[in-house]
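As they're listed, the protein sequences go chains F and R.
Throughout the first sequence, residue numbering follows this note's numbering, covering 60 to 326 in sequence.
Throughout the second sequence, residue numbering follows this note's numbering, covering 9 to 254 in sequence.
We put the CB at the ideal spot given by N, CA and C, even for glycine.
Worksheet for the structure shown next.
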Amino acid sequence: MDLDDFFMRALLAGIGIAIVAAPLGCFVVWRRMAYFGDAMAHSALIGVALGIAIGISRPAGVVLAVGILAVLFVVLERKSWISGDTGLGILAHSSLALGLVALSLVGGRGVNYSAYLFGDILAVSREDLLHIYVFGAVLLAALLVVWRPLLSATVHQDLAQAEGVRVYRMRAILILLIALVIALAMQLVGVLLTTSLLIIPAATARRYARTPESMAVLAVLIGVLSVVFGMYGSLWWDVPSGPSIVLAATGLFVFSLLPLPFFPSPD
Amino acid sequence: MNLSKKDVLLGARGVSLRRGPSVLLDHVDIDVGAGEIVTIIGPNGAGKTSLLRVLLGLVKPTEGEVERRADVQIGYLPQQPRVDSLVPMSVSRFLAMGGSRSKNALVTASRECGVENRLEAPLRSLSGGEWQRVLLARALLTEPNLLVLDEPTSNVDFAGQISFYELLSELRNRRGCGILMVSHDLHMVMGSTDIVVCLDRHVCCSGSAEAIAHHPEYARLFAPATASMLAIYPHNHPAGHEKEHA
């Protein structure tokens, strides 16, 4: 394997992120958090600007920004005169706008907006690659540790709470893990398309899975396939890699909708 | 209150709950004795679910105390009319998540609740009535001596309600567990309920279902029109008995 080859580095980065994003994406799908995930990803841009402005690393800035967004959402959620989806819509778009303005303030004219919005996977360095695999391994380990209580709280919050699971802590941990994955994935597909790496492979796997664990493993395989198909597709047709990966994932999702003779829908 | 005669599993003593300026519960006293079936009824916003949450220890009361017998083991059925979980999962896995590991216990509990033939079915394929019975089976797996149910039949058709209440009453007789439940369906209060507690932030009145049906406070709370629609499901009652109240 040639790590000097930018394409190979990009492919490995994509595969690493797909492996981490897919199981977390299952929770996003199960908990109906897709739109919330989108708003979180949009706010990641503020985190990038914050990182540059106050001199902290990009993942730290992103986690900080996403954390603030999550708190704001909880506050807005309590306002009964605004529905949850309207509140999220306001947060998602205003945080994207704020991120773009803040970036231009701290970054000047030389900011490559397109790389932040749509990703720049071909610019992945050896160091980036190391970050992705180290952080990714830590994230997966953390997810494994909380898997049982998190799953229990996801299946039935009230029952889990009555049985002693700390459901609000579980929710906070999940948001933190998603924020970290967004920080990792934004270089790959950009803030606008990050959520798709979380939810599309998971939604595709839902069709075939009979247990939560099999859905997570299947989502990983589908995510990895999407990266491989997307990357080689972008090379072959000379189109942008980030969107190609998302389109490959979408293609697999559409395929999963087709009726299969020996595989009736699980539900 | 008759503490000396009753073996109290779970009770509230002068429990009040306030959220800011609003009073959700006002000096509520309630007792559930061993093997006793207590039903809380009351209009919307009467604090029925709040009272359950206080009794379960999920919420701390602003005032008053919750009393639990030291060995009380509560099986809780939350208010959720339909399974809305998107997690792919079989019924047996869902039952095992409650903590019980033994396959034997799982089969026994599901047989008791009449869902033993649905063990391998995906959760989302269950009907409202089946889901209710699966929740009940999961509660039974904790070997409870007290079952707490929040509006157990809200999404079940009339026949389903009758059979669910029959099932509860069988469970009480077989396992001797106490049952505390909240009900908003005023049209049907279970005939085998020992005590009905009528709640409107405070306890308006309590007593046997028959006594409550004719209580002026009950009539005030639910208006004469609905009060006359109260049907006491005559389970375990001698034939003709309900005529006295018709």
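Quick check: is the beta carbon of F:L233 nearer than 9 Å to any beta carbon in chain R? By 1-based counting over the first sequence, the position of residue 233 of chain F is 174. Answer no: the Cβ-Cβ gap between F:L233 and chain R never drops below 9 Å.
What did DSSP end up calling R:E73 once you bin it into helix, strand or coil? Stepping through the second sequence from its first residue, residue 73 of chain R is reached at position 65. R:E73: strand per DSSP, three-state reduction.
Helix, strand or coil, according to DSSP, for R:Y84 in the structure here? The residue given as residue 84 of chain R occupies position 76 in the second sequence. For R:Y84, the secondary structure class from DSSP, reduced to helix, strand or coil, is strand.
Below-9 Å beta-carbon distance, R:G106 vs any chain F residue: Against the second sequence, residue 106 of chain R aligns to sequence position 98. By this cut-off, R:G106 is an interface position.
When you compare the CB positions of F:M245 and F:V88, do they come within less than 9 Å of one another, or not? The residue you call residue 245 of chain F lines up with position 186 of the first sequence. The residue you call residue 88 of chain F lines up with position 29 of the first sequence. No, the Cβ-Cβ distance between F:M245 and F:V88 is not below 9 Å.
Taking the Cβ atom as the reference point for each residue, do F:S198 and F:G73 lie within a distance shorter than 9 Å? As a first step, residue 198 of chain F is located in the first sequence; it is residue number 139 there, counting from the start. As a first step, residue 73 of chain F is located in the first sequence; it is residue number 14 there, counting from the start. The amino acid occupying residue 198 of chain F in the given sequence is Leu; Ser does not appear at that position. Not in contact: F:L198 and F:G73 (Cβ atoms no closer than 9 Å).
According to DSSP, is R:A233 part of a helix, a strand, or is it coil? Translated into positions along the second sequence, residue 233 of chain R becomes position 225. In this predicted model, R:A233 has a pLDDT of only 49, less than 50, meaning its place in the structure is not dependable enough to derive any value.
Locate the beta strand (DSSP E) running through R:M189, then write down its first and last residues. Residue mapping note: residue 189 of chain R aligns to position 181 of the second sequence, counting from 1. 186-191 is the extent of the beta strand (DSSP E) around R:M189.
Excluding sequence positions up to five away, which residues of its chain have a Cβ less than 7 Å from the Cβ of F:L233? Taking the first sequence and counting its residues from 1, the one referred to as residue 233 of chain F is at position 174. For F:L233, where only same-chain residues beyond five positions count, the Cβ hits under 7 Å are F86, L209.
Can you confirm whether R:Q81, when its beta carbon is compared against all beta carbons of chain F, has any partner nearer than 9 Å? Position 73 of the second sequence holds residue 81 of chain R. Judged by the 9 Å Cβ criterion, R:Q81 is not in contact with chain F.
Any C-beta of chain R under 9 Å from that of F:V134: Along the first sequence, read from residue 1 onward, the residue named residue 134 of chain F stands at position 75. No, its Cβ sits nowhere closer than 9 Å to a Cβ of chain R.
Whose CA, out of R:G215, R:Q87, R:I38, R:L176, lies closest to the CA of R:E75? Indexing the second sequence from 1 puts residue 75 of chain R at position 67. Selected option, being the one with the closest Cα: R:I38.
Short of 7 Å in beta carbon distance, which residues of its chain neighbour R:L5, apart from the five on each side in sequence? Order them along the chain. The structure shown does not extend to residue 5 of chain R, since chain R is modelled only from 9 through 254, so no value can be given for it.
Please identify the residue among R:T201, R:E159, R:V36 whose C-alpha is closest to the C-alpha of R:V23. For the purposes of this step, residue 23 of chain R is taken as the residue at position 15 of the second sequence. Nearest C-alpha to R:V23: R:V36.
Is R:G53 helix, strand or coil when you go by DSSP? Numbered from its first residue, the second sequence carries residue 53 of chain R at position 45. For R:G53, the secondary structure class from DSSP, reduced to helix, strand or coil, is coil.
On a Cα-Cα basis, can you pick out the residue from F:L188, F:G143, F:I180 that is closest to F:Y291? Position 232 of the first sequence, counted from the first residue, corresponds to residue 291 of chain F. The shortest Cα separation from F:Y291 among F:L188, F:G143, F:I180 belongs to F:I180.
Just tell me which of F:L150, F:S116, F:R185 has its CA closest to the CA of F:I127. Taking the first sequence and counting its residues from 1, the one referred to as residue 127 of chain F is at position 68. Here the closest residue by C-alpha is F:L150.
Chain R contacts from the segment 256-285 of chain F (Cβ-Cβ distance under 7 Å): R265, A268, R269, T270, P271, M274
As assigned by DSSP and simplified to three states, the class of R:A263: Residue 263 of chain R falls outside the range modelled here, since chain R spans only 9 to 254, and no answer is possible.
I want to see whether chain R comes within less than 9 Å of F:W140, judged by CB atoms only; does it? The count along the first sequence starts at 1 and reaches residue 140 of chain F at position 81. No - not a single Cβ of chain R is within 9 Å of the one on F:W140.
Rounding to the nearest angstrom, what Cα-Cα distance links R:R183 and F:P260 in this structure? Position 175 of the second sequence holds residue 183 of chain R. Position 201 of the first sequence holds residue 260 of chain F. When rounded, the distance between both Cα atoms is 47 Å.
F:S211 touches chain R at which residues, Cβ-Cβ below 8 Å? What you label residue 211 of chain F is simply residue 152 of the first sequence in a count that begins at 1. The contacting residues are M105.
Distance between F:L83 and F:W206 (C-alpha atoms, nearest Å): Locating residue 206 of chain F in the first sequence gives position 147, where the first residue counts as 1. Locating residue 83 of chain F in the first sequence gives position 24, where the first residue counts as 1. Each residue's alpha carbon lies about 10 Å from the other.
For a test of the three-state rule: what should DSSP assign to R:A129, helix, strand or coil? Sequence index remark: in the second sequence, residue 129 of chain R carries index 121 (1-based). The answer is coil: DSSP assigns R:A129 none of H, G, I, E or B.
Where the beta strand (DSSP E) containing F:G126 begins and where it ends: By 1-based counting over the first sequence, the position of residue 126 of chain F is 67. Taken as a continuous stretch (DSSP letters only), F:G126 belongs to no beta strand (DSSP E), being part of the alpha helix (DSSP H) at 117-136.
Compare the C-alpha of F:Y227 against each of F:W296, F:A156, F:G143, F:A129 and name the closest. By 1-based counting over the first sequence, the position of residue 227 of chain F is 168. Nearest C-alpha to F:Y227: F:A129.
Is DSSP giving F:I141 helix, strand or coil here? Here residue 141 of chain F corresponds to residue number 82 of the first sequence, with the count starting at 1. In the structure shown, F:I141 sits in coil (DSSP, three-state: anything other than H, G, I, E or B).
C-alpha gap between F:I258 and F:A93, whole angstroms: Locating residue 258 of chain F in the first sequence gives position 199, counting from the first residue. Locating residue 93 of chain F in the first sequence gives position 34, counting from the first residue. Distance between the alpha carbons of F:I258 and F:A93 is about 7 Å.
Relative to the C-alpha of F:G178, which candidate in F:S303, F:V313, F:T309 has its C-alpha closest? Position 119 of the first sequence, counted from the first residue, corresponds to residue 178 of chain F. Looking at the Cα atoms, F:S303 is the closest of the given residues.
Would you check if there are 3 or more beta carbon pairs closer than 8 Å linking the segment 302-318 of chain F to the segment 124-135 of chain R? no
C-alpha distance - R:A117 paired with R:A104, whole-angstrom precision: Position 109 of the second sequence, counting from 1, holds the residue named residue 117 of chain R. Position 96 of the second sequence, counting from 1, holds the residue named residue 104 of chain R. Computed Cα separation, rounded: 11 Å.
If we ignore side chains and look at the alpha-carbon of each, how far apart do R:P51 and R:S214 end up? In the second sequence, counting from the first residue as 1, residue 51 of chain R sits at position 43. In the second sequence, counting from the first residue as 1, residue 214 of chain R sits at position 206. If I take the Cα positions, the gap works out to 15 Å.
Along the chain, which unbroken stretches of the beta strand (DSSP E) at least 3 residues long are found entirely within the segment 97-165 of chain R? Those beta strand (DSSP E) runs which fall completely within the segment 97-165 of chain R and span 3+ residues are 154-158.
Three-state secondary structure (DSSP) at R:V16? If you number the second sequence from 1, residue 16 of chain R lands on position 8. Strand, per DSSP.
Beta-carbon spacing of R:T47, R:Q87 below 9 Å: On the second sequence, residue 47 of chain R is found 39 positions in, with the first residue counted as 1. On the second sequence, residue 87 of chain R is found 79 positions in, with the first residue counted as 1. Contact flag unset, no.
When you compare the CB positions of F:L157 and F:I105, do they come within less than 9 Å of one another, or not? Taking the first sequence and counting its residues from 1, the one referred to as residue 157 of chain F is at position 98. Taking the first sequence and counting its residues from 1, the one referred to as residue 105 of chain F is at position 46. Closer than 9 Å, so yes.
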